[in-house]
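2 protein chains.
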Amino acid sequence: MKNFLLIALSILLTGMGLHAQKSLQERLGFSAETKLLIIHADDLGVVHSVNKATFNALEEGSVNSASIMVPTPWFPEVAQYAKANPDHDLGIHLTLTSEWKLLRWGPVASRSEVASLVDTNGYFYSDCNKLWENAKIEEVEIELRAQIDKAIAMGINPTHLDSHMGCLFATDPRYYKLYTKLGREYGIPTMVNHQIKQLGGEGAPEPMEVINQIFGAATQDYDKDAMSKYYADTLKALEPGVHVMIIHCAYYNLESQGMSFEHPYWGAKWRQNDYDFFTSEECAKILEEENIKLVTWKEIGESMQE
Amino acid sequence: MKNFLLIALSILLTGMGLHAQKSLQERLGFSAETKLLIIHADDLGVVHSVNKATFNALEEGSVNSASIMVPTPWFPEVAQYAKANPDHDLGIHLTLTSEWKLLRWGPVASRSEVASLVDTNGYFYSDCNKLWENAKIEEVEIELRAQIDKAIAMGINPTHLDSHMGCLFATDPRYYKLYTKLGREYGIPTMVNHQIKQLGGEGAPEPMEVINQIFGAATQDYDKDAMSKYYADTLKALEPGVHVMIIHCAYYNLESQGMSFEHPYWGAKWRQNDYDFFTSEECAKILEEENIKLVTWKEIGESMQE
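Protein chains in written order, with the numbering used here: chain A, 71 to 376; chain B, 71 to 376.
Here it is as structure tokens:
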């Protein structure tokens, strides 16, 4: 009997070990050698040009995921789109900054409840540093909950959470812990790679999932007019694992030009370039030739529930 | 001595009577027979297309006044423009509604202070009726003060006040009284004609100024594709007095089309038509031929201080 128990325990532990060793690719139903990618467009809601280009890239291009800024002016358009397209992979781009000059936004929570998050005009600060200098972490939590709750109330079923401008990836571990805590509490995967995970420090709760790499064009690529080259090279060099390519779509038009006034990066031209590449035949061909499979946050979330 | 006093009193009363009888045209330095007009573009701040078209119409066209919606997303662009163009005639379009479907906005005041003004998603109601059904008048006052104070804090010197969608011109006289009270308190002229003045009822405080007529194209003009005809006919039939022609400028582009989604009137096409007519040579020629003088709210405000 004792031997039987030992054997049973051994089998159980081996099984658990095997499960723990299973890569995310395998849990998603692929071999460990598969290259899986989420092509992820940020910033839905900011301007109509971003919304329209992103919706089109989701429908006609290789983009297969996007995330939504709840405090932005055109958020109601995104909520309407999400309800009409429940199979699309739409998460929440948790937003604590308002970085443009000519159009700005503030919190979803009542301003008096989150006074440490806003400037004297009632808008979010323009960058993470100003946020971190001023914000009380308990007010950050109030605002993030308000954003998730409002998205759900307006008919969105968020497939994931991530962080606009990376403001939740502060050196202060309280930001990271709040991020993963909210993900666990709402049962929504949070975008975490190994580098981001380190921000929690020792004793931080385990995130629900850890992906391998997060890619995105850098300002140097833009300065060298080499955005498409960066995307093509990155896709061709992709290693097995689950990765995210973060892009920003918009049409190069009056509105997106106004949005990016005196803001050289991530502006109208950058976004039209991203849109063009990720709706191109060249992109689709590279994905096929390199045997890159697209996967969504929705699938990752479902694999976690199994 | 007694006779002298009587004569002096008589002269004084005659003088006061003459002053009171002086028309606004005369107080502005024109003859009583002059036709004075403010060509006034509403809704600055809503979208970039409205801002750019209105700025251009102010600089290149016959438009000589505009008003600003402080709670809207592109308000920071207007504040920047107002600071760079302090001689422009820019007032505040006091805003208590958010009428479009795909982009919306809420109050400037902290939402918890003005909870009766917002729907469950935190946005202003879409029309005046819903506002009047729900709003507490003391919260309307908090919000209107917040809008004026924020405009001033961001560098605007408002030349006048008026009311977006006419929501301050309710049958409930408290709205009208609040409107004229704020104008008097801030020393800013409020747009009031004889019809609007009646809303205050008996015993309402005298407004600082009363203009003659407020014109604007009607939905029937738009349906008949007769907007320009309406404008030309109205200008040609203008009578002596001080009048306001209310128009709405924007470029017919992706953004303004998105703004006016499922909203047939005051949309992208309407606004391009207004822009085209009021920047046309035809309009300038009619103004000249009909001897219509343009006047600004700024000049009216200054005449009141004399």
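Virtual Cβ for every residue (Gly too), placed ideally from N, Cα, C.
Under 6 Å Cβ to Cβ from residue i, same chain only, skipping five residues before and after it: list those, please.
i: A/Val120; result: Asp113 and Ala320
i: A/Leu88; result: In this prediction, A/Leu88 has a pLDDT of 44, which is less than 50 and means its spatial position is unreliable; what the coordinates show is noted afterwards. Nothing meets the Cβ criterion.
i: B/Lys13; result: Residue 13 of chain B falls outside the range modelled here, since chain B spans only 71 to 376, and no answer is possible.
i: A/Glu169; result: Ser196
i: A/Met235; result: Thr167 and Cys198
i: B/Ser330; result: Gly337 and Ala338
i: A/Val140; result: Val178, Gln217, Lys220 and Ala221
Return the CA-CA distance between residue i and residue j, expressed in angstroms with no decimal places.
i: B/Glu332; j: A/Leu173; result: 24 Å
i: A/Leu83; j: A/Lys92; result: Its pLDDT being 42, under 50, A/Leu83 is placed unreliably by the model, and the measurement read from it follows with that caveat. Distance between the alpha carbons of A/Leu83 and A/Lys92: 14 Å.
i: A/Ser233; j: A/Ala102; result: 28 Å
i: B/Lys251; j: B/Glu208; result: 13 Å
i: B/Gln375; j: B/Lys363; result: 21 Å
i: A/Gln217; j: B/Glu372; result: 46 Å
i: A/Ile138; j: B/Met278; result: 47 Å
i: B/Ala287; j: B/Tyr245; result: 25 Å
i: B/Pro243; j: B/Glu272; result: 10 Å
i: B/Glu213; j: B/Ile162; result: 13 Å
i: A/Cys198; j: A/Val184; result: 16 Å
i: B/Asn191; j: B/Ala354; result: 45 Å
i: B/Gln342; j: B/Met297; result: 11 Å
i: A/Ala221; j: A/Leu231; result: 12 Å
i: A/Gln150; j: A/Met224; result: 8 Å
i: B/Ala152; j: B/Ala302; result: 30 Å
i: A/Glu351; j: B/Arg181; result: 48 Å
i: B/Ile77; j: B/Ile258; result: Here the model assigns B/Ile77 a pLDDT of 48, short of 50, so the residue's position is not dependable, and the following value carries that caveat. Between B/Ile77 and B/Ile258, the C-alpha separation is close to 37 Å.
i: B/Met203; j: B/Ala240; result: The residue asked about is misnamed: residue 203 of chain B is Glu in this sequence, not Met. Going from the Cα of B/Glu203 to the Cα of B/Ala240 covers about 11 Å.
i: A/Gln95; j: A/Val148; result: 30 Å
i: B/Lys368; j: B/Met261; result: 12 Å
i: B/Ile266; j: A/Thr142; result: 35 Å
i: A/Tyr249; j: B/Cys237; result: 42 Å
i: B/Ile316; j: A/Glu255; result: 52 Å
i: A/Lys72; j: A/Lys206; result: Per-residue confidence for A/Lys72 stands at a pLDDT of 45, beneath the threshold of 50, marking its modelled position as unreliable; no derived number is given.
i: B/Gly253; j: A/Ile370; result: 58 Å
i: A/Val210; j: B/Thr165; result: 29 Å
i: A/Asp346; j: A/Phe285; result: 18 Å
Can you list, in chain order, the residues of its chain whose CB lies under 7 Å from that of residue i, leaving out five sequence neighbours each side?
i: A/Asn282; result: Asn263, Gly311, Val312 and His313
i: B/Leu305; result: Ile356, Leu357, Glu360 and Ile362
i: B/Lys339; result: Tyr322
i: B/Val188; result: Gly176, Pro177, Arg181 and Phe194
i: B/Trp144; result: Gly115, Val116, Val117, His118 and Asn121
i: B/Gly328; result: Leu172
Counting only the same chain and skipping the five closest in sequence on each side, list residues whose C-beta sits under 8 Å from that of residue i.
i: B/Thr366; result: Ile108, Asn134, Ser135, Asp159 and Thr229
i: A/Lys247; result: Gly270, Ala274 and Pro275
i: A/Pro156; result: Asn227
i: A/Lys299; result: Asp291
i: A/Thr349; result: Asn126, Ala127, Glu130, Gly131, Ser132 and Val133
i: A/Ser326; result: Val117, Ser119, Val120, Ala320, Gly337, Ala338, Arg341 and Gln342
i: A/Ser80; result: Here the model assigns A/Ser80 a pLDDT of 45, short of 50, so the residue's position is not dependable and the matter cannot be decided.
Grab the span of the beta strand (DSSP E) containing residue i for me, first residue to last.
i: B/Phe285; result: Gln283 to Phe285
i: A/Ile233; result: Note that residue 233 of chain A is Ser in the sequence shown, not Ile. From DSSP, the beta strand (DSSP E) with A/Ser233 extends over Leu231 to Ser233.
i: A/Val314; result: Gly311 to Ile317
i: A/Gly161; result: Leu160 to Leu164
i: B/Ala111; result: Lys105 to Leu114
What is the residue span of the alpha helix (DSSP H) that residue i lies within?
i: A/Ile207; result: Ile207 to Ala223
i: B/Lys153; result: Phe145 to Ala154
i: B/His264; result: His264 to Gln268
i: B/Lys339; result: Ala338 to Phe348
i: B/Ser119; result: His118 to Glu130
i: A/Asp293; result: Thr289 to Asp293
Name, please, each residue of chain B whose Cβ falls closer than 9 Å to the Cβ of residue i.
i: A/Lys171; result: Pro146, Glu147 and Gln150
i: A/Asp343; result: For the sequence presented, residue 343 of chain A should be read as Asn rather than Asp. By Cβ distance, chain B contributes nothing, its closest Cβ being about 18 Å from A/Asn343, past 9 Å.
Report the neighbours of residue i on chain A: residues whose CB is nearer than 8 Å to its CB, in chain order.
i: B/Val262; result: Those within 8 Å of B/Val262 in chain A number zero; the least Cβ separation is about 30 Å.
i: B/Lys122; result: Leu324 and Gly328
i: B/Val178; result: Gly192
i: B/Ser186; result: Here the premise fails: no neighbours, minimum Cβ distance about 13 Å.
How would you list, in chain order, the residues of chain A whose beta-carbon sits under 7 Å from the beta-carbon of residue i?
i: B/Trp175; result: Pro143
If the cut is a Cβ gap below 8 Å, which residues of chain B does residue i touch?
i: A/Ser93; result: Chain B residues near A/Ser93: none, gap ~41 Å exceeds 8 Å.
Quick one: which chain B residues come within Cβ less than 7 Å of residue i?
i: A/Ser196; result: What A/Ser196 touches in chain B: nothing, since even the nearest Cβ is about 11 Å away.
i: A/Ser373; result: Going along chain B, no residue has its Cβ under 7 Å from A/Ser373, so there is no contact; the nearest lies around 32 Å.
At a CB-CB cut-off below 9 Å, which residues of chain A make contact with residue i?
i: B/Glu332; result: Neighbours of B/Glu332 on chain A: none; closest Cβ ~10 Å, over 9 Å.
Report whether the distance from the Cβ of residue i to the nearest heavy atom of the ligand FAD is below 7 Å.
i: A/Gly328; result: Of the ligands one can find in the structure shown there are none, so the ligand FAD has no counterpart to examine.
For the segment 204–236 of chain A, enumerate the residues whose C-beta is nearer than 8 Å to any C-beta of chain B, in chain order. Lys220, Ala223 and Met224
Using a Cβ cut-off of 8 Å, which residues of the segment 319–330 of chain A contact any Cβ in chain B, in chain order? Tyr321, Asn323, Leu324, Glu325, Gly328 and Met329
Check each residue of the segment 98–131 of chain B: if its Cβ is closer than 8 Å to any Cβ of chain A, include it; give the result in chain order. Val117, His118, Ser119, Asn121 and Lys122
Relative to chain A, which residues along the segment 344–363 of chain B have a C-beta separation below 9 Å, given in chain order? none
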